[in-house]
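Below: one structure, written as structure tokens.
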Amino acid sequence: MTGTHDVSAIGDADIESRMAVFPALPEGNKYELVLNNAEHSVFTERALPGDAQPRNPNHHRAILATTTAFWDAFLREDAAAKTWLETEAVRTVLEKDDRWQKK
């Protein structure tokens, strides 16, 4: 999970380094969510100093839905949750310009 404006205030992680992770992973049960216009603080309850993008309340909805489905699929062995992750149904919680990939 990352955002199109997700840079780290600590260290040297930039958008390119974050986007390089998913393609480098081996096949099988891998998912990538890239939230459009989301900064690093999208994964927190509040904005961080220096944020430039407005917060999008749907980002938390997408984060909650996809992570819950992932944990249900792989920890609880919930077939319906895995099917949801593997089909276009997951797009129902995302916005048009968010990116969801699986392999």
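If you count the sequence shown from 1, you need to add 1 to reach the working numbering. Note that CB positions come from ideal geometry on N, CA and C, so glycine has one too.
Which first and last residues belong to the alpha helix (DSSP H) in which residue i is found?
i   : result
R19 : I16 to M20
R62 : P58 to L76
L95 : That residue, L95, is in no alpha helix (DSSP H); it is neither H nor E in DSSP.
T84 : A80 to E87
As a quick exercise: from the options, pick the residue whose alpha carbon is nearest that of residue i.
i   : options              : result
T1  : L76, L65 and A80     : What the structure shows of the chain is the stretch from 2 to 104, and residue 1 is not part of that stretch, so it cannot be assessed.
E33 : S9, W85, F23 and S42 : F23
K83 : G29, G12 and A53     : G29
T3  : E46, M20 and D13     : M20
For residue i, I'd like the list of residues in its chain whose CB is within less than 7 angstroms of its CB, leaving aside the five on either flank, ordered along the chain.
i   : result
L95 : A63 and W101
E87 : K103
For residue i, count the other beta carbons within 10 Å of its own beta carbon; 16 or more makes it buried, fewer makes it exposed. Which is it?
i   : result
G51 : exposed
D7  : buried
Kindly list the residues whose CB is nearer than 8 angstroms to the CB of residue i, restricted to its own chain and excluding five residues on each side of it in sequence; keep chain order.
i  : result
T5 : I16, V35, L36, N37, N38 and A39
What are the boundary residues of the beta strand (DSSP E) that includes residue i?
i  : result
H6 : T3 to H6
Original post:
On the three-pair Cβ rule with 8 angstroms, is the stretch 52 to 60 touching the stretch 72 to 84?
Top reply: The way I'd put it, the stretch 52 to 60 doesn't touch the stretch 72 to 84; fewer than three beta-carbon pairs between them come closer than 8 angstroms.
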